[in-house]
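K.L.:
Could you have a look at this structure, given as structure tokens, before my questions?
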Amino acid sequence: MTWRTVARQDGKLTADSQSARLLLGLVAFVVLLAGYIYPMVTQPPHTTARFPAFVEGAVTTVVPFVGVLLGYNAVVSDRESGAIRLALSLPQSRGDVVFGKYLSRTGLLAATLVTALVAAGALVVYPFGELALGRFALYLLLAVAFGAVWSGIGLAVSLAVATKRRALVVGVVLLFLFVLVWDTLEQGVALGLAAAGLAADGLPAVAEFAFGLTPGRVFSRATVAFVDPSRGVEGAWYLGGPVALVLLALWLVGPVGLAYARFVGSDLS
Amino acid sequence: MAAIEADEVSKRYGTEQALDRVDLTVEEGETFGFLGPNGAGKSTFINVLLDFAKPTEGSASIFDNDCQADGVDARDRIGVLPEGYSVFDRLTGRQHIEYAMASKDADAEPNAILDRVGILDDADRQASDYSKGMAQRLVLGMALVGEPDLLLLDEPSTGLDPNGAAEMRQILREENERGATIFFSSHILEQVEAVCDRVGILQDGELVAVDTIEGLRASLGGGTKLVITLDRLDDGVIERVRGVDGVETAVAREDSTVEVTCTNDAKMDILVELHGAGVDVVNFRTEEASLEDMFIEYTGSR
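Chains as they are written, first to last, in my numbering: chain A, 44 to 312; chain B, 18 to 319.
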């Protein structure tokens, strides 16, 4: 059970570090700001079940960045310095170290997200809004899972590469691809296919599915399907809620699981 | 039950053979010195024991726990001073000891340990500001947490001044008297000679000798070294000495001095041979072969 020791230690150090506080503060600020302006800039009814649609853009942009930046140096910086040799000289496994760090960093992000979302929910409900408790609780769960996906991706990068610098580069490239240019890429492919006369009315099913695979898209579809009553799920079954949940679960365990398996089997330096 | 058991451990990095079928048993309660020049594979062997590296072939165990399959159990009863480590960032010396206590689930008095390794005064400073020698002391302190049954130390005196090295040896002696097995690697012979019951000599990944220091002496021509000063050193004299039965090595030094390692019985034969060669023996003394002589003998290097 020494992953507890690692988690406690790492959590304390991460929470004490200025950069981590700044990142987590950014998450809280963006979510609270959204909660504050939501009743002002949208038409009623204001409910905590519709609020997720409003905050979606902010969450799917900020959380990935914060998740990756919290996770990318978790293991690789210790590996680069040699501190991991000291940690692994003690009776704790590589799994203990990785799991402890994953837990501490994901936990900090999750705690920040939940606190901020609950506070934002209060801003939505008070004074004229409406509380949809069950749906909002479900949204909190999905948001925590989404945060865990991205801190997991950050940790996976940290496990997979040899230097902190490379981890940062790979992490930023992934963010750039999945968060910043994905929509543009999709439009580009759609326009290209249309110009070539291959797909006049939207993307073919395979491409549509493929473009819908990113964590952000999956998270959004799950939110639409299970939280927001105003938006229905349209389109094919593979873009529906249950598939989105499965994909979210795959994102949750896939990257970090694969990177961990590789890490466990490799020699240190 | 052996403290350390290595069974035909080999490790290849690409085409380089870092360890070549190392067979070694370290019994409980002994102090074992692991000797070899830099790059001989000492750290690779310790890395295998700590599961930092997986052996290409063979297996190793600590107190019957396989170092790879049951790494956590293998490390449960040991204290380690690894090579190439760095202290944890943003933790004080005291917090390092407390971390080791939490991880080993052991009770200890941090102040007592910090005092024992001589860094109590700096206990509340960030360990990342420590000098190399202080870091070595701190990590030795972490290793001592929980009264381990085995201390596994990779070049423990690195970064220590002679005083520090002596204190380190004293701690190792005390731990051994408490009942702990000590296994440490070094390329510094005096340290090994001073504290070890047995030594193993590693050369190019191969374990070329494992024995007590006396045993090594005995295997090296009865451990006798003759230092003979002649009135002059004619051509062919060294060759004639080498031809005497029982002579292991014969080396010409400056000032017409010859150093010969040989079996005890061969001493007189050598003198007779020199007389026969027509050179006069001006001075003559015997020395006990030092570990360094043996080391050079075995590894052909300093």
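Idealized CB from N, CA, C, for every residue including glycine.
Would you say Val73(A) touches the ligand ATP, meaning its beta carbon is less than 7 Å from a heavy atom?
P.N.:
Absent from the structure shown: the ligand ATP. Ligands present: none.
K.L.:
Considering only residues of the same chain and omitting the five flanking positions on each side of Asn116(A), which have a CB-CB separation below 7 Å?
P.N.:
Against the first sequence, residue 116(A) aligns to sequence position 73. Contacts found: Ser201, Lys207 and Ala210.
K.L.:
Provide the residue span of the beta strand (DSSP E) that contains Asp244(B), from first to last.
P.N.:
As a first step, residue 244(B) is located in the second sequence; it is residue number 227 there, counting from the start. In the sequence as displayed, the identity of residue 244(B) is Val instead of Asp. Per DSSP, Val244(B) belongs to the beta strand (DSSP E) from Thr241 to Leu247.
K.L.:
So what does DSSP say about Ile127(A), is it helix, strand or coil?
P.N.:
For this step, residue 127(A) is matched to residue 84 along the first sequence. Looking at Ile127(A) - three-state DSSP - the assignment turns out to be helix.
K.L.:
Helix or strand or just coil, what does DSSP make of Ala199(A)?
P.N.:
Position 156 of the first sequence, counted from the first residue, corresponds to residue 199(A). Of the three classes helix, strand and coil, the one that applies to Ala199(A) here is helix, per DSSP.
K.L.:
Closest by CA to Ala294(B), which one among Ile21(B), Gly253(B) and Leu206(B)?
P.N.:
Position 277 of the second sequence, counting from 1, holds the residue named residue 294(B). Cα-wise, what sits closest to Ala294(B) is Gly253(B).
K.L.:
Count the other CB atoms within 10 Å of the CB of Arg319(B); is the residue buried (16 or more) or exposed (fewer)?
P.N.:
As a working mapping, residue 319(B) is identified with position 302 in the second sequence. Below a pLDDT of 50, predicted positions are generally treated as unreliable, and Arg319(B), at 41, falls in that range; no measurement from the model is reported.
K.L.:
In this structure, how does DSSP classify Leu295(A) when only helix, strand and coil are distinguished?
P.N.:
Along the first sequence, one-based indexing puts residue 295(A) at 252. It is helical.
K.L.:
Any beta-carbon of chain B closer than 8 Å to the one on Ser194(A)?
P.N.:
Taking the first residue of the first sequence as 1, we reach residue 194(A) at position 151. By this cut-off, Ser194(A) is not an interface position.
K.L.:
Let me check one thing: in DSSP terms, what residues is Tyr41(A) bridge-paired to?
P.N.:
As displayed, chain A neither begins before 44 nor continues past 312, which places residue 41(A) out of reach and without an answer.
K.L.:
Which chain A residues sit within Cβ distance under 8 Å of Leu247(B)?
P.N.:
Position 230 of the second sequence, counting from 1, holds the residue named residue 247(B). Under the 8 Å cutoff, chain A gives no residues; its nearest Cβ is about 53 Å from Leu247(B).
K.L.:
How many angstroms separate the CA atom of Tyr281(A) from the CA atom of Gly300(A)?
P.N.:
Locating residue 281(A) in the first sequence gives position 238, where the first residue counts as 1. Locating residue 300(A) in the first sequence gives position 257, where the first residue counts as 1. Between Tyr281(A) and Gly300(A), the C-alpha separation is close to 24 Å.
K.L.:
Taking Cβ-Cβ distances below 8 Å as the criterion, which residues of the segment 56-76 of chain B are in contact with chain A?
P.N.:
If the cut-off is 8 Å between Cβ atoms, the segment 56-76 of chain B has Asn64, Leu67, Asp68, Phe69, Ala70 and Lys71 near chain A.
K.L.:
Quick check on Ile287(B): does DSSP put it in helix, strand or coil?
P.N.:
One-based indexing of the second sequence puts residue 287(B) at position 270. Reduced to three states, the DSSP call for Ile287(B) is helix.
K.L.:
Mark Ala130(A) as exposed unless 16 or more other C-beta atoms lie within 10 angstroms of its C-beta, in which case mark it buried.
P.N.:
Sequence index remark: in the first sequence, residue 130(A) carries index 87 (1-based). Buried.
K.L.:
Can you tell me which of the three DSSP states Ser147(A) falls into?
P.N.:
Locating residue 147(A) in the first sequence gives position 104, where the first residue counts as 1. Ser147(A): helix per DSSP, three-state reduction.
K.L.:
Output the distance between the C-alpha atoms of Glu207(B) and Pro173(B), rounded to the nearest integer angstrom.
P.N.:
Translated into the one-based positions of the second sequence, residue 207(B) becomes position 190. Translated into the one-based positions of the second sequence, residue 173(B) becomes position 156. Each residue's Cα considered, the two are about 13 Å apart.
K.L.:
If you run the structure through DSSP and keep just helix, strand and coil, what is Thr257(A)?
P.N.:
For the purposes of this step, residue 257(A) is taken as the residue at position 214 of the first sequence. The answer is coil: DSSP assigns Thr257(A) none of H, G, I, E or B.
K.L.:
Have a look at Glu164(B), Ala160(B) and Glu194(B) and flag the residue whose alpha-carbon is nearest the alpha-carbon of Asp171(B).
P.N.:
Position 154 of the second sequence, counted from the first residue, corresponds to residue 171(B). Closest option to Asp171(B), Cα to Cα, is Ala160(B).
K.L.:
Can you say whether Ala304(A) is buried or exposed, counting buried as having 16 or more other CB atoms within 10 angstroms of its CB?
P.N.:
Locating residue 304(A) in the first sequence gives position 261, where the first residue counts as 1. Exposed is the call here.
K.L.:
With burial defined as no fewer than 16 other Cβ atoms inside 10 Å of the residue's Cβ, what is the status of Thr42(B): buried or exposed?
P.N.:
As a first step, residue 42(B) must be located in the second sequence, where it is residue number 25. That one is exposed.
K.L.:
For chain B, find out if any of its Cβ atoms is closer than 8 Å to the Cβ of Pro134(A); answer yes or no.
P.N.:
On the first sequence, position 91 is the one that residue 134(A) refers to. Taking Cβ atoms only, chain B reaches closer than 8 Å to Pro134(A), which makes this a yes.
K.L.:
Closer than 7 Å between beta carbons: that is the criterion. Which residues of the segment 110-135 of chain B meet it against chain A?
P.N.:
Listed by position, the residues of the segment 110-135 of chain B near chain A (Cβ gap below 7 Å) are Tyr116, Ala117, Ala119, Ser120 and Lys121.
K.L.:
With DSSP run on the structure shown, which of helix, strand or coil describes Asp81(B)?
P.N.:
Taking the first residue of the second sequence as 1, we reach residue 81(B) at position 64. Residue state, collapsed to three classes: coil.
K.L.:
Going by C-alpha distance, which of Leu224(B), Arg215(B), Gly181(B) and Glu223(B) is nearest Ile230(B)?
P.N.:
What you label residue 230(B) is simply residue 213 of the second sequence in a count that begins at 1. If we check each option's Cα against that of Ile230(B), Arg215(B) comes out closest.
K.L.:
If we ignore side chains and look at the alpha-carbon of each, how far apart do Ala233(A) and Leu217(A) end up?
P.N.:
Position 190 of the first sequence, counting from 1, holds the residue named residue 233(A). Position 174 of the first sequence, counting from 1, holds the residue named residue 217(A). If I take the Cα positions, the gap works out to 22 Å.
K.L.:
Need the endpoints of the alpha helix (DSSP H) that Arg93(A) sits in, please.
P.N.:
Sequence index remark: in the first sequence, residue 93(A) carries index 50 (1-based). Unbroken run through Arg93(A): none, as it is neither H nor E.
K.L.:
Find the residues of chain A that neighbour Ser203(B), judging by a C-beta separation of less than 7 Å, and give them in chain order.
P.N.:
As a first step, residue 203(B) is located in the second sequence; it is residue number 186 there, counting from the start. Near Ser203(B) there are no residues of chain A at all, since even the closest Cβ is about 18 Å away, more than 7 Å.
K.L.:
Going by DSSP, name the residue or residues bridged to Gly96(B).
P.N.:
In the second sequence, residue 96(B) corresponds to position 79, counting from 1. BP columns for Gly96(B) point to Leu168(B).
K.L.:
I'd like to know whether the C-beta atoms of Ala77(B) and Val26(B) end up nearer to each other than 8 Å.
P.N.:
The residue you call residue 77(B) lines up with position 60 of the second sequence. The residue you call residue 26(B) lines up with position 9 of the second sequence. For Ala77(B) and Val26(B), yes; Cβs fall inside 8 Å.
K.L.:
Could you check if Gly235(A) is buried or exposed, using at least 16 other CB atoms within 10 Å of its CB as the buried criterion?
P.N.:
Numbered from 1 along the first sequence, position 192 holds the residue referred to as residue 235(A). Exposed, because fewer than 16 other Cβ atoms sit within 10 Å of the Cβ of Gly235(A).
K.L.:
Strictly under 8 Å for the Cβ-Cβ distance: is Phe80(B) near chain A by that measure?
P.N.:
As a working mapping, residue 80(B) is identified with position 63 in the second sequence. Phe80(B) does not count as touching chain A.
K.L.:
Short of 6 Å in beta carbon distance, which residues of its chain neighbour Val73(A), apart from the five on each side in sequence? Order them along the chain.
P.N.:
Position 30 of the first sequence, counting from 1, holds the residue named residue 73(A). Correct list, in chain order: Ala101 and Val105.
K.L.:
Let me know if Gly177(A) comes out buried or exposed under the rule of 16 or more other beta-carbons within 10 Å of its beta-carbon.
P.N.:
Here the question's residue 177(A) lines up with position 134 in the first sequence. Label assigned to Gly177(A): exposed.
K.L.:
How would you call Glu105(B), buried or exposed, if buried means at least 16 neighbouring beta carbons within 10 angstroms?
P.N.:
Your numbering for residue 105(B) matches position 88 in the second sequence. Glu is not the amino acid found at residue 105(B); the sequence shown has Phe there. So Phe105(B) counts as buried.
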